[in-house]
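Peer 1: Here the protein sequences come in this chain order: P and W. Mapping of the first sequence onto this note's numbering: position 127 corresponds to residue 127, and the numbering continues sequentially without gaps. With the second sequence counted from 1, adding 1000 to any position gets you this note's numbering. Cβ atoms here follow ideal geometry from the backbone N, Cα and C, with glycine treated the same way. Note that the structure is predicted; figures quoted are calculated from it, not measured.
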Amino acid sequence: MNILCEFDYYAPKTKSEALELAEKLGTKAKLMAGGTDLIIQLKESMITTEAIIDIGSLEELRGIKCEAGKGAEIGACTTIAEIEFSKDLKAKYGALAYAAGELGGASVRMAATIGGNCCHSSPAAETPASLVAYGAKVVLSSKKGDRELPVEDFITGNRKNELQPGEIATKFILPEPAPKSACKYGYIGLRNAMEIDAANMAVNITLDGDKIKDVKLVMGSVYLRPLISEAVPALLKGQVLTEELIQKVGEAAQSEAKPITDVRASAEYRKDVIGALARRLTKEAYEAAKGA
Amino acid sequence: MSNKMYEVSNKYGNYKDYTREFTEVGRNLPRLDGAAKVTGKVQYTDDLVLPRMVYGKLLRTTHAHAKIKSIDYSEAMKLDGVLAVITGEDCPIPYGIVPHNANEHALANGKVRNWGEPVAAVAAIDERTAEKALELIKVEYEVLEALVDPREAIKRDDVRIHENSPNNIAYEGVQLYGDPDGALKESHFVLEQEYYSSYVNHGFIEPQSAIADFDVNTGKLHLYATCQVPHYTHQQLSKVLEMPMNKIRITVPLIGGGFGGKGVASQADFCASILSRKIGRPVKITYERSEVFATNNGRHPCYMKFKMGFDKEGKITAVDFTNLMEGGAYAGWGIVVLFYTASMVHIPYKVPHVRFDGKRIYTNKPVAGAHRGLGGVQPRFAMEQMLDEAAKHFGMTPFEIRMLNAIESGYTAKSQMYVPHSEYKKCLEVVVEKSDFLKKQGKLPYGKGIGMSGGYYISGTSYTLYLSYKPHTVATIKIDEENGATVFCGATDIGQGCDTVMAQMAAETLGLKSEDVKTVTRDTTLSTFDLGTFASRLTFAAGWAIRQAAEKVNAELFPVAAALMKCRGDEVAVKDGMFYSIFEGNKKKVPWTEVVTTYIESNGPLTCTGQFTPPRRKGIVQGGNIGHSPTFGLSAQVAEVDVCLDTGKVTVTKITEAGDCGVPINPMSVKGQVHGSIQMGLGQALYEEMKIAPDGRFVNPSLHDYKMPTTMDMPEIDAYIVDSFDPSAPYGAKESGEGPIQPTIPAVFNAVYDAIGVRFHEMPLTPEKVLNAIKAQKAAKK
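(1) For a contact meaning CB atoms closer than 8 Å, what does P:H4 contact in chain W?
(2) From the DSSP output, which residues share a beta bridge with W:D1213?
(3) Measuring CA to CA, which of W:R1289, W:I1692, W:E1657, W:V1641 is closest to W:G1685?
(4) Using the Cα positions of W:M1668 and W:N1028, report the straight-line distance between them to the nearest angstrom.
(5) The region 1675–1696 of chain W: which residues have C-beta closer than 7 Å to a C-beta of chain P, in chain order?
(6) Whole angstroms is fine: what's the gap from W:S1002's alpha carbon to W:T1019's?
(7) Listed in chain order, which residues of the region 186–211 of chain P have Cβ atoms closer than 7 Å to some Cβ of chain W?
(8) Identify whether W:G1375 lies in helix, strand or coil by the three-state DSSP scheme.
(9) Which of the three DSSP states, helix, strand or coil, is assigned to W:M1578?
(10) Which term fits P:L42, buried or exposed, when burial requires 16 or more other beta carbons within 10 angstroms of its beta carbon?
(11) Need the endpoints of the alpha helix (DSSP H) that W:T1500 sits in, please.
(12) I'd like to know whether the C-beta atoms of W:M1690 and P:R191 end up nearer to each other than 9 Å.
(13) Is it right to say P:T14 is buried, meaning 16 or more other beta carbons lie within 10 angstroms of its own, or is it exposed?
(14) Quick one: does P:G220 have its CB under 9 Å from some CB of chain W?
(15) Cutting at 6 Å between CB atoms, please list the residues of its own chain near W:T1061, excluding the five before and the five after it.
(16) Step through the CB atoms of chain P and report whether any lies within less than 9 Å of the CB of W:L1771.
(17) So W:T1233 packs on W:S1209, CB below 8 Å; how close in whole Å?
(18) Which runs of the beta strand (DSSP E), 3 residues or longer, sit entirely within the region 200–258 of chain P?
(19) Identify the continuous beta strand (DSSP E) that holds W:H1353 and give its terminal residues.
(20) What are the boundary residues of the alpha helix (DSSP H) that includes P:Y269?
(21) Assign W:A1390 to one of three DSSP states: helix, strand, or coil.
(22) Relative to the C-alpha of P:E50, which residue among P:Y93, P:I155, P:C5 is closest?
(23) Sort P:L38, P:F7, P:T36 by Cα distance to P:K353 and report the nearest one.
(24) Can you pull the chain W neighbours of P:D272, defined as C-beta to C-beta under 7 Å?
(25) Please tell me whether P:A285 has its Cβ less than 9 Å away from any Cβ of chain W.
(26) With burial defined as no fewer than 16 other Cβ atoms inside 10 Å of the residue's Cβ, what is the status of W:F1339: buried or exposed?
(27) So with Cβ pairs under 9 Å, would you call P:D8 a contact of chain W?
(28) To the nearest angstrom, how far is the alpha carbon of W:L1771 from that of W:C1644?
(29) State the DSSP-derived secondary structure class of W:P1118, mapped to helix, strand or coil.
(30) So which residues on chain P does W:P1118 lean against when the C-beta distance must stay under 9 Å?
(31) Considering only the alpha carbon of each residue, which of W:A1146, W:V1596, W:D1080, W:E1163 lies closest to W:E1127?
(32) Measure from the C-beta of P:A276 to each C-beta in chain W and report whether the shortest distance is under 9 Å.
(33) At a Cβ threshold of 9 Å, is W:N1201 touching chain P?
(34) Counting contacts by CB-CB distance shorter than 9 Å, is W:N1700 in contact with chain P?
(35) Apart from the five residues just before and just after W:M1005, which ones in its own chain have a Cβ nearer than 6 Å to its Cβ?
(36) Taking just the CA atoms, how far does W:L1765 sit from W:A1773?
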């Protein structure tokens, strides 16, 4: 299958050149990083475009800075494989590195980028749930300057986000994880690889002694955008995790999830397994936080 | 594996009391073409580029059932670079693998009957132009109601998919052997159950591709095609194009998997040929994955009703099998598959009374066809589960009930199917022992389970698809100084490795190394005749033809070798490139090449031909000839599963397999077939399903949404080849390409029953179905 629409292709050499082009072309242009979603959409004539600005090879937008005590900065055009295999990220943001490793197949992970995965804003995307759970912010750059948005505010719906014409997502800023905290990611899919998730989830728990000081449970693929549980923190804050609470966490997540029925799974099944994921990940994160 | 002995032939047909061990048969030889394939040195059809070649594309309908009112391609013809457009008017002659019910067309004639059916084809200077041209073709349809369920289609005579098929019944057949009603009445225990076997596609990696090169000067057509039945495609091209067969040559480049899906001519073959003839330039058409799904030819879904009776000891008394088989929009392999499902009931267990009542129904879906283990997978799925249920009733183990009913060598089924050789009981014993089945079954914790199943498959067919008495396979061996030994045989390697296996078999008899035997295959002009790759027939059929040709070569060379060695003609044998005296082998020997030189200098060129025609049997009636085979491969499997009680996901942790494939010509290749069969079986058991919307739209025509198991989903596989030698088979060898898929699905379902105590009767076993069953179980306990 070939791309039938005609478009101009730009490969800027620098970030400022890219921002220049983004401003000039505005809605006429699509930004391309790895192209693993965009090219398919173009080939299948789901979208057309007059121009493509290929930012995938801009060194300024790539790379991982992850130093002790200083959180992390991940360039938006860092490939998913680089995140998957980064020792520093694995040590400090294990849930994100794990989620990255579960995205698509190996060849896709070599091309796809974290910026692309968030900006494509598919409800079933792998990286947003853990980015939200870690409290990550995305930096949106334009000729006018930079602005920062929490990832949960950035993704607004199914393939919708706050990126304005002229803006490019340039990096992600992850805060240093709190002491005695741990985050776990999990997903439900039919297969063990090459899966578009029927549901995914990240749970980040911070402890104060044995008690839960803070918890963030983020659900993916059960709503138009990553869904942050409000009920689970209300249940768990200040508590020592018990079997009874774990059951309640599962029920709470189930009651909050708003899944749909599609080719991958029915809404009812998604609700069932969201409960299972919530129970499993809460337990795992709690245990890991104790050892942190 | 014990050493196999082999009787050396002799020119005068004299009996010679001499045997030797195999040297080439039984070798774990990596594919002779493997390295070239994985390094990209060799080319598949789509890799080929001919001088002046242009590109074709098919316009496919998005309706499942509609009359074509008009097609206007004038705008497309105006597009720069478009060379020709054809429609159904250019291809009015129907084709089909089974000639007497051929009802397919290269392009739809007047009506479309499934989503994705092609209605027009374009040739243009490049693919992009061809695709743009498709968008400019205007087709006006009158949309008709689509029938997507055979249970509904059979009631809807008012919506006939084919005008001459009332109630959308493509064909029906009844077989009655013995007195099943009486036997069931007298049975101690009768099971009755309905099963559904799902709608799946082969998922071969290489999509169909065709390059047609019509020479306007000679009026000859050369087609390069991804085809596992070049002979049948040759015949149908001749019919559709109204050209004599001798003006058509088909070359099959390497094939990236077929599994039966390439066991019919594709619409790309015809459209490329018609376009090439029209414009006088080579035309290539390669399918997208969605077109592979629209073409399908995958496994027939079956709605099956089974009644199975047992006497008080647990012996099977009768089987009554009603099969409503969904065929999709066209005939294809349908009638053959229908009667295969009937025949598969008769083996590998003794069934004294059988009734089969089957119908194949048209629906508005991509046509079902031939798919690895065709006709066997569906009834096996039902019967192997019923055996487990019966075992429970009788307080026996699943192993005991199978051993009690298993066939043995020399068994003649009620349908007159004759089994010359079987080591089925050995297969059952080996899997049970190696998996520790008896210690685990019924004793594992809730959520973990183990299940077993058996199965068999034909090793060749006894009949052609059109009336003919010619040999099914011909092999010619040419011996010369320049090349050594060259085997010409039309057998088509579709990735299963028969090129290597043919070299091994020829080398065995000729006394050479397999690596030194060349094969010229997959070309209707250069190679010899072969019916095609289906019914797991090649090792057996090509094996006999090659062995016969090679024995004739030996018969010519032995006397020359005897003269050179100064020994009697009937004391010569050959192996490892040396002729030797069977009595004085250390003293009297001469190199093979020297004998060849002497032979050619004194006698001239040496070429010998062998052939294989399957044995015919008497007394076969009621369509029971379909399913007959010269011999049969058998196997058994044990599956171990882990059912996640929270999500319903079934993880198969281990499969233990034991197969009776006779003598494995290439054990490495046999194991490859076993692993591949298990992968395909697990796909149908747990993951794969083509989803069709109520209006006939194809919901998941991509490998993104149609989910085949990945390497990450594969269990540990422990495969054994049981000690076996079939004296009726060449080198003692039988099939191993389609038998090993038969037990996989029921073994998994039996294991899931062992894990959670729930019987499932339809595929695939999705996490959702399993979880719902677990929930229902919990609710019932409360």
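Peer 2: On the basis of the coordinates in this document:
(1) Counting from 1 along the first sequence, the entry for residue 4 of chain P is found at position 4. With the sequence shown as reference, residue 4 of chain P is identified as Leu, and His is not the correct amino acid for it. In chain order: R1128, E1131, K1132, E1135.
(2) Counting from 1 along the second sequence, the entry for residue 1213 of chain W is found at position 213. Per DSSP, W:H1222.
(3) Within the second sequence, the letter at position 685 stands for residue 1685 of chain W. The sequence given here places Ala at residue 1685 of chain W; Gly does not occur at that position. Here the closest residue by C-alpha is W:V1641.
(4) Numbered from 1 along the second sequence, position 668 holds the residue referred to as residue 1668 of chain W. Numbered from 1 along the second sequence, position 28 holds the residue referred to as residue 1028 of chain W. Looking at the two C-alpha atoms, the distance is approximately 5 Å.
(5) The residues in question are Y1687, K1691.
(6) What you label residue 1002 of chain W is simply residue 2 of the second sequence in a count that begins at 1. What you label residue 1019 of chain W is simply residue 19 of the second sequence in a count that begins at 1. Residue placement at W:S1002 cannot be trusted, given a pLDDT of 38 that sits under 50; what the coordinates show is reported in the next sentence. Their Cα atoms are separated by approximately 14 Å.
(7) I188, L190, R191, N192, A193, M194
(8) Here residue 1375 of chain W is taken as the residue at index 375 of the second sequence, counted from 1. Of the three classes helix, strand and coil, the one that applies to W:G1375 here is coil, per DSSP.
(9) Counted from its first residue, the second sequence places residue 1578 of chain W at position 578. Of the three classes helix, strand and coil, the one that applies to W:M1578 here is strand, per DSSP.
(10) Walking along the first sequence from the start, residue 42 of chain P turns up at place 42. P:L42 should be labelled buried.
(11) Along the second sequence, read from residue 1 onward, the residue named residue 1500 of chain W stands at position 500. First-last of the alpha helix (DSSP H) with W:T1500: 1498–1510.
(12) If you number the second sequence from 1, residue 1690 of chain W lands on position 690. If you number the first sequence from 1, residue 191 of chain P lands on position 191. No.
(13) One-based indexing of the first sequence puts residue 14 of chain P at position 14. Exposed.
(14) Numbered from 1 along the first sequence, position 220 holds the residue referred to as residue 220 of chain P. Judged by the 9 Å Cβ criterion, P:G220 is not in contact with chain W.
(15) Within the second sequence, residue 1061 of chain W is the residue found at index 61, counting from 1. Contacts found: V1112, E1117, V1119.
(16) Residue 1771 of chain W sits at position 771 when you count from the first residue of the second sequence. Yes, because at least one Cβ of chain P sits closer than 9 Å to the Cβ of W:L1771.
(17) For the purposes of this step, residue 1233 of chain W is taken as residue 233 along the second sequence, with counting starting at 1. For the purposes of this step, residue 1209 of chain W is taken as residue 209 along the second sequence, with counting starting at 1. Contact flag wrong, Cβ pair sits at about 13 Å.
(18) 211–220
(19) The residue labelled residue 1353 of chain W in the question sits at position 353 within the second sequence. Here the beta strand (DSSP E) through W:H1353 covers 1353–1362.
(20) Start at 1 with the first residue of the first sequence, and residue 269 of chain P comes out as number 269. 267–291 is the extent of the alpha helix (DSSP H) around P:Y269.
(21) Position 390 of the second sequence, counted from the start, is the residue given in the question as residue 1390 of chain W. Three-state result, W:A1390: helix.
(22) The count along the first sequence starts at 1 and reaches residue 50 of chain P at position 50. With distances taken between Cα atoms, P:E50 lies closest to P:C5.
(23) Examination of residue 353 of chain P is not possible in this model, given that chain P is present from 1 through 292 alone.
(24) Here residue 272 of chain P corresponds to residue number 272 of the first sequence, with the count starting at 1. Correct list: L1771.
(25) Along the first sequence, read from residue 1 onward, the residue named residue 285 of chain P stands at position 285. Not closer than 9 Å to any Cβ of chain W, the Cβ of P:A285 fails to qualify, so no.
(26) Indexing the second sequence from 1 puts residue 1339 of chain W at position 339. The residue in question, W:F1339, is buried, as its Cβ has 16 or more Cβ neighbours within 10 Å.
(27) Here residue 8 of chain P corresponds to residue number 8 of the first sequence, with the count starting at 1. Residue-level contact by beta carbon fails for P:D8 and chain W, as no gap is shorter than 9 Å.
(28) As a first step, residue 1771 of chain W must be located in the second sequence, where it is residue number 771. As a first step, residue 1644 of chain W must be located in the second sequence, where it is residue number 644. Cα to Cα, W:L1771 sits roughly 9 Å from W:C1644.
(29) For this step, residue 1118 of chain W is matched to residue 118 along the second sequence. Three-state result, W:P1118: strand.
(30) For the purposes of this step, residue 1118 of chain W is taken as residue 118 along the second sequence, with counting starting at 1. Here the premise fails: no neighbours, minimum Cβ distance about 15 Å.
(31) Numbered from its first residue, the second sequence carries residue 1127 of chain W at position 127. Of the listed residues, the one whose Cα sits closest to W:E1127 is W:D1080.
(32) By one-based count along the first sequence, residue 276 of chain P stands at place 276. With 9 Å as the cut-off, P:A276 counts as an interface residue toward chain W.
(33) Here residue 1201 of chain W refers to the residue found at position 201 when the second sequence is read from its first residue. With 9 Å as the cut-off, W:N1201 does not count as an interface residue toward chain P.
(34) The residue you call residue 1700 of chain W lines up with position 700 of the second sequence. Yes, its Cβ sits closer than 9 Å to a Cβ of chain P.
(35) Numbered from 1 along the second sequence, position 5 holds the residue referred to as residue 1005 of chain W. Confidence at W:M1005 is low in this model, with a pLDDT of 45, below 50, so the placement of that residue is unreliable and no value is reported for it.
(36) On the second sequence, residue 1773 of chain W is found 773 positions in, with the first residue counted as 1. On the second sequence, residue 1765 of chain W is found 765 positions in, with the first residue counted as 1. Using only the alpha carbons, I get a separation of about 11 Å.
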